[in-house]
Amino acid sequence: MDTSVMWNYQSEDTMIAANWNGFTDGSKGSGIVEYKYNVTDNSGNIIVPWMSAGNATNITHSGLSLKNNTEYFVTVKAVDAVGLSVEITTDGFTVDTTHPVFTVTGEDDFINETPCVYIPSVSSVKVQWVGFSDAHSGLHRYEWAIIPSDVSPSSSDFNAVPGSNLPTSATFSGLALTQGKSYYIIIRAYNGAKLFKDAYSVLVIPDATPPSPGNVFDGPTPK
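1 is the number of the first residue of the sequence shown in full-length UniProt numbering; add one for each residue after it.
The structure is reproduced here in structure tokens:
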């Protein structure tokens, strides 16, 4: 598992993301042919049973109903060609849905009962957020990322939020989004101990093209 960044909390309660690397089968082994994963909580309940990730080294599993203040763990199993396997489990993260509140400027909607917001640009997006706090070492800085909804974030995806005095709104520009594709915007808050918490937006979908023109005819009779 990639443990280069400590993932302690997430505010999103409908999806889980994980990524991994470093699994090998040795120079004389049959080779890794598949990865599988499951998700459990801190009471040992199975949230997602074993599922195949194929040869991918990251997953985003959505459509879940995660519980507030509950810790979840992703276990990845690497399977070789003769059916032998090894498992590694993440350190876990806690779902905290009490805050923050995240707003993306656009048109709110639903796709298959999943909330989303359509934005009128593929090159910029305006967001604001409230509710981050740290009673111990205090908030230090915010970073942001916008990633496809089927991709797990990595530390290289994040950039510092511009502005001074811990701004809680920003317009992120210079983007190269794809019309009609689904994205998540993530705001990452760091405290003085360099620990962080992420807040995910709802699905964000660029819609930067106007409707296609139809036909208009004179007279009362349709052509």
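We treat Cβ as the ideally placed atom computed from N, Cα and C, and that holds for glycine.
- Message: As a quick exercise: from 220, 72 and 137, pick the residue whose alpha carbon is nearest that of residue 192.
- Response: 137
- Straight-line CA distance for residue 201 to residue 10? 11 Å
- Message: Just to confirm, is the Cβ distance from residue 124 to residue 149 under 7 Å?
- Response: no
- Message: Whole angstroms are fine: how far does the CA of residue 115 sit from the CA of residue 229?
- Response: One cannot answer for residue 229 here, as it falls past the ends of the chain, which runs 1 to 223.
- Message: Let me make sure I understand the geometry here. Which of 55, 67 and 57 has the alpha-carbon closest to that of residue 15?
- Response: 67
- Item | Contained beta strand (DSSP E) runs [length at least 3] in the region 177-201, N- to C-terminal order | 183-191 and 196-200
- Please go through the region 121-171 and give each complete beta strand (DSSP E) segment of 3 or more residues, from N-terminal end onward. 125-130 and 139-148
- Nearest-angstrom Cα separation, counted from residue 140 out to residue 175: 26 Å
- Assigned exposure category for residue 12 - 16 Cβ within 10 Å defines buried: buried
- Expressed to the nearest angstrom, what Euclidean distance is found between the alpha-carbon atoms of residue 57 and residue 20? 5 Å
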